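Peer 1: Protein chains in written order, with my numbering: chain A, 22 to 252; chain B, 22 to 252.
Each residue gets a CB set at the ideal place from its N, CA and C atoms; glycine is no exception.
Since the structure is predicted, the reported quantities are computational estimates derived from the model, not experimental observations.
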DNA sequence: TTATAAATTTAGTCATGGCTAAAAATTGAG
DNA sequence: CTCAATTTTTAGCCATGACTAAATTTATAA
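(1) Closest to residue 228/B by CA distance: which of 216/B, 207/B, 236/B, 243/B is it?
(2) Do you know how far the Cα of residue 76/A is from the Cα of residue 90/A?
(3) With 16 other CB atoms within 10 Å as the buried threshold, where does residue 184/A fall?
(4) DSSP three-state call for residue 226/A: helix, strand or coil?
(5) My parser needs the alpha helix (DSSP H) runs of 4 or more residues fully inside the stretch 56–91 of chain B; what are they?
(6) Just checking my contact of residue 182/B with residue 238/B at CB under 8 Å: how many whole Å lie between their CB atoms?
(7) Which residues, taken in chain order from the stretch 128–140 of chain A, show a beta carbon closer than 8 Å to some beta carbon of chain B?
(8) Just checking: is the beta-carbon of residue 124/A within a distance shorter than 8 Å of some beta-carbon in chain B?
(9) On the CB-based measure, 16 or more other CB atoms within 10 Å of its CB, does residue 203/B come out buried or exposed?
(10) Report the partner residues of residue 221/A according to the DSSP bridge assignment.
(11) State the CB to CB distance for the pair residue 168/B and residue 240/B, rounded to an integer number of angstroms; the pair is presumed to be in contact (CB under 8 Å).
(12) Of the choices 175/A, 134/A, 150/A, 174/A, whose alpha-carbon is the least far from that of residue 164/A?
(13) Closer than 7 Å by C-beta to residue 174/B: which residues in its own chain qualify, once you throw out the five before and the five after it? Chain order, please.
(14) Check residue 96/A in the structure and name its three-state DSSP category.
(15) Thinking C-beta only, is residue 50/B closer than 8 Å to residue 85/B?
(16) Is residue 116/A close to chain B, meaning its C-beta is less than 8 Å from at least one C-beta of that chain?
(17) Are the C-beta of residue 55/B and some C-beta of chain A separated by less than 8 Å?
(18) Mind checking whether the beta-carbon of residue 143/B lies closer than 7 Å to any heavy atom of the ligand GTP?
(19) Using a Cβ-Cβ cut-off of 8 Å, state whether residue 326/B counts as contacting chain A.
(20) Less than 8 Å separating the beta-carbons of residue 187/A and residue 154/A?
(21) Relative to the alpha-carbon of residue 116/A, which residue among 127/B, 193/B, 132/B has its alpha-carbon at the smallest distance?
(22) Going by other Cβ atoms of all chains shown within 10 Å of its Cβ, with 16 needed for buried, is residue 244/A buried or exposed?
(23) From which residue to which residue does the beta strand (DSSP E) around residue 179/B run?
(24) Does the stretch 51–64 of chain A come within contact of the stretch 35–43 of chain A, defined as at least 3 CB pairs closer than 8 Å?
(25) In or out: residue 226/B buried (at least 16 other Cβ within 10 Å) or exposed?
(26) Going along the chain, which residues of its own chain have a beta-carbon closer than 6 Å to the beta-carbon of residue 87/B, five neighbours each way excluded?
(27) Helix, strand or coil, according to DSSP, for residue 169/A in the structure here?
(28) Go ahead and pull the three-state DSSP assignment for residue 102/B.
(29) Nearest to residue 34/A by CA position, among 103/A, 108/A, 160/A, is which residue?
(30) Between 59/A, 106/A, 30/A, 223/A, which lies nearest to residue 205/A when the distance is taken from Cα to Cα?
(31) Using a beta-carbon distance below 8 Å, is residue 59/A in contact with chain B?
(32) Are the beta-carbon atoms of residue 170/B and residue 220/B separated by less than 8 Å?
(33) Against chain B, does residue 169/A count as a neighbour if the rule is that its beta carbon must be under 8 Å from one of theirs?
(34) Whole angstroms is fine: what's the gap from residue 38/B's alpha carbon to residue 32/B's?
(35) Strictly below 8 Å CB to CB, what residues from chain A border residue 224/B?
(36) Would you kindly report the start and end of the unbroken beta strand (DSSP E) that includes residue 241/B?
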């Protein structure tokens, strides 16, 4: 019943991972894949066909792509590698959190199971990476946190930052500067959509944040200011 | 005067590194390159021509290859990466010393300067890797240790292991078992070439070692049993 | 010194994973 | 419901870095 241990190219692994990360209620198109991976659409189509031939995705031409169970397994393996490496680089080697993503992007493909285990152990099997993203377990289980974007919060609410998107280093540097890191307590002072910005209080300081970056910050409503830890 | 920061393929980097490591009094042939890299001779010829076009090697057809200064710089960078990673994996992550080589073989190509610096710092800028090989500095300086093979030592001499070849995991496991690791004090009890084996005393135990593996162990003669540390 | 063996390079092929241009399918507007 | 715009796929091409087979150069032995 076990899948054969075919060794996939770095590219193929990247496509599988990206398909997983693009999943939502709408199907993953070759276009969206091409955009995310910075390749031309025909390149994405070609790879999707190869992955389909390997039974890692199912492809309905003109309709979209979906991971098969074995494709998802590989995707989750890559994501586990990626997030473990990000955590290791940030927490052990002290690399700044806006740099760990790009680094992990390369490392995830060459991490052996053995070193993965050593890293997981050194970190005491963390559940989330430095940006708040859940780390899949060895068995491919992953927490389905479902935090709401800060951009959608009403004024007068108090929230805890749980996760931030990590694909823009520039955004990350800004968020860190403003104090919007996982665990931070944030008061939404003013939120008028037409203004395009949110007024916040973070760590005692008043801050202004555009709606666009606020779409990349995911929060949990704080009830009675009780600060729950990331589990 | 600075070289342009062309990004070389993993393959090209491997060739440069291998040319450096194969250097001796005899020229590096495309054959020896092909053997070491496990490719067919025409593949080596083709890559050598590409590297020559980039001024990273000079190639005299039918005669051999030599690194140019800029080629050597890149080779030393790879070797620094490789040996730093080996040291890190062994000392910090606790990976066994017979496994670190293969791992480093992949990692050396994707290590950023920044993470390299973090790793070097975490290790306190080590001068040698776990197998006793010297680690080039950031500026490309490298110690030219010139230890003698254990295979050539006479009986009744006492030596200190300074370095072992690291390209065979199996050999490394055996050497570790026998106690032939850098720093170990070894008494050569019997050395008769015709017998094809050496009789040794290592850490109080009598050991027999074939001449072939003994070619991969490099030692320094111990004067008055004074045990010098690896510098 | 010459012929044969060995080493090396050249010639031509293949797979991978990109690309552009063109064709085909889908979507949406009238 | 049909036609134009958009999306997606097909067709054909390129670079990289392997490969085998053949030609060429160098080395060696008679």
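Peer 2: According to the data block:
(1) 207/B
(2) 9 Å
(3) buried
(4) strand
(5) 62–74
(6) 6 Å
(7) 128, 131, 133, 135, 136, 139, 140
(8) yes
(9) buried
(10) 209/A, 228/A
(11) 6 Å
(12) 150/A
(13) 180, 209, 212, 240
(14) helix
(15) yes
(16) yes
(17) no
(18) Ligands in the displayed structure: none, and consequently the ligand GTP is not present.
(19) This structure does not reach residue 326/B, given that chain B is present from 22 up to 252, and the question cannot be answered.
(20) yes
(21) 132/B
(22) exposed
(23) 179–185
(24) yes
(25) exposed
(26) 79
(27) strand
(28) helix
(29) 103/A
(30) 223/A
(31) no
(32) no
(33) no
(34) 10 Å
(35) The premise fails here: residue 224/B is roughly 28 Å from chain A at the closest Cβ pair, so nothing lies under 8 Å.
(36) 238–242
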